[in-house]
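Take 5 as the starting number for the sequence shown in our numbering and just add one per residue.
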Amino acid sequence: MQWTDRIRQVKIILVAAAVVIALASLLVSHFLVRDLSKEELHRMQIWAEALHSLNEADETTDLALVSSVMEGNNTIPVIVLNSEGGIDDYRNITDTVHIEDYARRMLMAGDTIRVDSQLVCYDESIMLKRLQAWPYVQLGIVLIFVVVAIFALLSSKKAEQNRVWVGLSKETAHQLGTPVSSLMAWLEMLKEQYPDDELLPEMDKDVKRLQLIADRFSKIGSLPEPVEGSMNEVLEHVVDYMDRRTSRQVTMIRRFPDHEVIVKMNASLFEWVIENLCKNAVDAMEGRGTITLTLADEQEQVVIEVQDTGKGIRKKDLGNVFTPGFTTKKRGWGLGLSLARRIVEEYHKGRIFVKQSELGKGTTFRIEMPR
């Protein structure tokens with residue numbers, strides 16, 4: 005919770021900083037563009053006066069001064085049109101091939117000054133255009149910075165969560181190891197003293213079950229090498245386990261193909277995933293309903309679906325079901341589906357998601373495994 009609050013606060017601060025930078029940049033650029041536009045208009049008015057002086061020149065006209073003013077414009081594009089619309093002169097125009105189109109655009113923009121029978125058309129300088137575009141470039145840079153910063157924070161949060169879950173899993177496996185070993189030793193002693201006791205085989209199954217759980221927890225955080233195995237067999241083990249440990253009011257339905265479906269996997273961990281989905285289904289049905297396990301052997305992937313007739317998941321919660329710590333149960337850590345997703349996607353390069361959920365009718369989880 006502290007991490008989540010901290011991330012939310014940092015994101016708010018980053019967004020607020022980006023908004024402040026954007027507004028300040030736009031405001032400063034607006035004033036600069038406005039002042040520069042006024043200066044360029046003033047310069048063009050002086051240039052037009054110089055053109056008028058050149059047109060009306062006599063022996064008293066200082067042609068050197070007029071020429072200096074006109075030649076001093078090295079930045080503002082200018083086209084001088086005569087009374088018939090033809091081009092008399094131009095300055096600071098690089099694309100002379102389309103100069104007539106350029107002049108028409110200037111006329112449409114209204115950036116003109118009448119000088120005697122001529123019309124001076126001008127455009128904004130390259131510097132002014134760059135200054136107008138700069139705030140948007142700056143906003144893009146700020147946006148990229150904010151996105152990268154938030155992504156880095158979320159990645160850091162996820163990495164820390166993963167370290168917590170892995171550490172918790174390994175510590176659980178370590179803590180289970182000693183009592184399980186002790187139980188195994190006591191069980192062997194009981195078998196020697198009471199070889200015909202009917203309860204000992206069931207105790208032996210439970211001890212082996214604890215040993216399997218400890219083994220699963222110890223593998224979280226490592227990358228166990230997947231080997232080819234029968235998915236039918238894995239699902240059958242889950243059905244047998246659930247049948248023994250759920251009430252008779254829960255019905256398990258199998259929909260498997262007749263042939264064996266072979267997949268590269270870590271059978272122990274994948275069995276845990278299916279068990280977790282089935283246990284969640286039993287909780288959602290409150291101990292009464294139907295769980296349907298479907299196995300489909302498709303051309304490019306193997307599909308497993310776990311469907312229940314429980315209370316369903318609210319739409320607003322669908323995006324959080326695999327988030328560590330999220331749970332709708334009164335008692336629960338919210339780690340089961342998070343670990344299930346890690347096992348399917350990181351260890352087996354598959355995909356797990358909620359295929360369908362409807363309140364009051366049930367939920368279907370779908371797992372897709374590559375061939």
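Positions of the beta carbon are idealized from the N, C-alpha and C atoms, including for glycine.
In the three-state DSSP reduction, PHE260 falls in the coil class, being neither helix nor strand. Where GLY233 is concerned, the enclosing beta strand (DSSP E) starts and stops at 231-234.
Within the segment 283-315, no complete alpha helix (DSSP H) segment of 4 residues or longer occurs. For GLU362, the enclosing beta strand (DSSP E) has its first and last residue at 355-362. Assignment of beta-bridge partners to ASP93 by DSSP yields VAL84. As the crow flies, the alpha-carbon of GLU192 is around 12 Å from that of ASP201. Under the DSSP assignment, ARG252 falls outside any beta strand (DSSP E); it carries neither an H nor an E label. In chain order, MET256 place their CB closer than 8 Å to the CB of ASP247, counting only its own chain and leaving out the 5 sequence neighbours on each side. Looking from the CA of ALA22, the closest CA among ALA153, LYS195, ARG109, VAL358 belongs to ALA153.
LEU31 and GLN305 have their C-alpha atoms spaced approximately 56 Å apart. Here the alpha carbons of SER57 and GLU63 stand approximately 12 Å from one another. For the set GLN122, ASP127, ALA68, the Cα lying nearest the Cα of THR79 is the one of ASP127. With the rule of 3 Cβ pairs closer than 8 Å, the segment 131-142 does not count as touching the segment 98-114. In this chain, the alpha helix (DSSP H) harbouring VAL70 covers 67-75. Of the residues assessed, SER361 falls on the buried side of the cut-off, its CB having 16 or more other CB atoms within 10 angstroms. Here ILE295 is near VAL254, since their CB atoms are less than 8 Å apart. Put simply, the backbone Cα of ARG345 is about 11 Å away from that of ASN280. With a threshold of 16 other beta carbon atoms within 10 Å, PRO139 meets it and is buried. For ARG375, no alpha helix (DSSP H) segment is defined, and its DSSP state is neither H nor E.
The count of Cβ pairs closer than 8 Å, one atom from the segment 233-244 and one from the segment 201-210, stays below three, leaving the stretches out of contact. ILE317 sits in coil when the DSSP states are folded into three classes, being neither helix nor strand.
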